[in-house]
């Protein structure tokens with residue numbers, strides 16, 4: 001009877017060890033496959049600081065752009081890459097517009113509703129004016145390597161709220177922007193406004 005008791009304890013201990021071993025092998029893999037990456041230091045690609053629009057980005061709000069926030073120096077360039085299968089944008093807003101219009105949505109998501117509406121109205125007016133030839137526009141030189149244009153910037157109106165705008169970024173597309181002034185620059189995806197990021201320039 002004593003030997004059966006010891007045998008039973010050994011079996012339970014073996015099961016526990018197997019469980020611990022499998023847990024240590026499986027759980028990190030599951031976390032790595034979730035699409036969510038932990039905040040990391042910005043990587044550098046030569047002169048560019050790299051920020052990724054992660055896989056399944058629309059599910060992660062303020063963690064959609066990684067790393068977030070990004071700390072850089074004046075004169076540094078950020079290279080955003082769209083590593084997701086969906087289309088996205090990187091659209092920066094000036095701080096004067098942002099401060100007065102951040103709103104809570106369901107106590108979880110923050111949106112920039114008024115800015116989005118204003119930007120859409122502005123873009124519609126400028127694009128309509130450009131179509132009928134009333135205003136000039138500038139074509140962005142950002143390309144994805146095959147000389148396809150990414151963005152059209154409708155001039156620079158005096159009430160323009162955008163600081164930078166990538167235009168629509170397909171999977172694999174990149175966008176570069178060099179920050180020449182200190183400050184906090186918040187940006188978002190115009191297609192998925194719950195995706196937000198921040199650049200701190202000092």
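Residue numbers (full-length UniProt numbering): 1 to 202. Quick reminder that beta carbons are idealized off the backbone N, C-alpha and C, glycines included. Since we're looking at a predicted model, the values are computed, not measured.
1. I'd like to confirm the pairing. Which residues does DSSP put opposite residue 186 in its beta bridges?
2. When you compare each of 47, 54, 171 to residue 197 by their alpha carbons, which one comes out closest?
3. Considering only DSSP beta bridges, list what residue 52 is partnered with.
4. For residue 83 and residue 183, I'd like the C-alpha separation in whole angstroms.
5. How big is the Cα-Cα spacing for residue 49 and residue 78?
6. Give me the DSSP bridge partner(s) of residue 164.
7. Can you tell me the Cα-Cα spacing of residue 168 and residue 188, whole angstroms?
8. Give me the DSSP bridge partner(s) of residue 178.
9. Note down, in chain order, each residue of its chain lying with its Cβ closer than 6 Å to the Cβ of residue 25, except the 5 sequence neighbours on either side.
10. Closest by CA to residue 66, which one among 52, 172, 195?
11. Which residue from 88, 177, 76 puts its Cα closest to that of residue 64?
12. Within 10 angstroms of its Cβ, does residue 74 collect 16 or more other Cβ (buried), or is it exposed?
13. Take the Cβ of residue 56 as the centre, count every other Cβ of all protein chains shown within 10 Å, and call the residue buried at 16 or more, exposed below.
14. Is residue 178 buried or exposed, if buried means 16 or more other CB atoms sit within 10 Å of its CB?
15. Looking only at C-alpha atoms, which of 186, 47, 176, 85 sits nearest to residue 200?
16. Going by DSSP, name the residue or residues bridged to residue 71.
17. Mind checking residue 47: buried by the 16 CB within 10 Å criterion, or exposed?
Per the coordinate set shown:
1. 93, 198
2. 54
3. 66, 81
4. 27 Å
5. 5 Å
6. 92
7. 12 Å
8. 77
9. Residue placement at residue 25 cannot be trusted, given a pLDDT of 46 that sits under 50; what the coordinates show is reported in the next sentence. No residues qualify anywhere along the chain.
10. 52
11. 88
12. exposed
13. exposed
14. exposed
15. 186
16. 200
17. exposed
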